[in-house]
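Sequential numbering from 4 applies to the sequence shown in my numbering.
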Amino acid sequence: MAQTRGFYVDTVERTTTAGQDAVWAVVEGIGGERGWYSTDPVWFARAAANRLHLPPSRLRHRADPDRLAEGERLDWWTVEAVERPRRLRLRSVVRMPGQAWLDISLEPGPDGTLVYRQTTVFRPAGAAGRAYWYALLAPHRAVMARLAADILRHAEG
């Protein structure tokens, strides 16, 4: 984990032999009715714990199950950027003492591989935000590592 200009940044990086289009299809298809793979219960509990006051149908709604659009709500995220087939940035709408983003990018790797990079950025709001980040860092890392593994496993088929 790094700290840059008041932001906490944590990155999970994996290399895969799956093709970029296959990985991108899984990345862009996440959430909604497909859920968040093995981390789905953790994400759902996290959102519920923050009293989003959204009915379950709203948490699972996606206009298109295969394509995301900027500004669209994706469960407890807002899609901030989509650069097909290489980058997706989500901004959390969960209540917390700060702001959070999840950025997933795909880049060509060595020897025909693909580098999958999943970066969480958190901007804490004061001491409460810093305490929040460190209190949840271990479970956050476990969930993010599992999410990356699940995405690549589905892409590798």
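No residue lacks a Cβ here, since even glycine has one placed at the ideal position from N, Cα and C.
Under 8 angstroms between the Cβ atoms of residue 124 and residue 103? yes
Just how far apart, CA to CA, sit residue 82 and residue 24? 20 angstroms
What's the call for residue 159, buried or exposed, on a 16-neighbour Cβ count within 10 Å? exposed
May I ask you to verify whether the stretch 106–121 touches the stretch 129–137, counting CB pairs closer than 8 angstroms and requiring at least 3? no
Option in 130, 116, 93 with minimal Cα separation from residue 75: 93
When you compare only the Cα positions, how much space is there between residue 90 and residue 130? So the two alpha carbons sit approximately 31 angstroms from each other.
Element boundaries [alpha helix (DSSP H), containing residue 31]: Unbroken alpha helix (DSSP H) run through residue 31: 23–31.
To which residues of the same chain is residue 101 closer than 6 angstroms at the C-beta, ignoring the five residues directly before and after it? 125, 126, 127, 128, 132
Just confirm the distance between the C-beta atoms of residue 73 and residue 84, as a whole number of angstroms; I'd bet it's less than 8 angstroms. 6 angstroms
Residue 143 in three-state terms, based on DSSP: helix
Cutoff 6 angstroms; reference residue 42; Cβ partners in own chain excluding five residues on either side: 146, 149, 150
Under the three-state reduction of DSSP, which class applies to residue 34: helix, strand or coil? strand
Assigned secondary structure, residue 159 (DSSP; H/G/I helix, E/B strand, else coil): helix
Quick check on the burial criterion: 16 or more other C-beta atoms within 10 angstroms. Buried or exposed for residue 19? buried
I think residue 28 touches residue 155, with their Cβ atoms under 8 angstroms apart; what is that distance to the nearest whole Å? The Cβ separation is near 12 angstroms, so there is no contact.
Rounded straight-line distance, which links the Cα of residue 105 to that of residue 97: About 13 angstroms.
Through-space distance from residue 9 to residue 32, alpha-carbon basis: If you draw a straight line from the Cα of residue 32 to the Cα of residue 9, it comes to about 32 angstroms.
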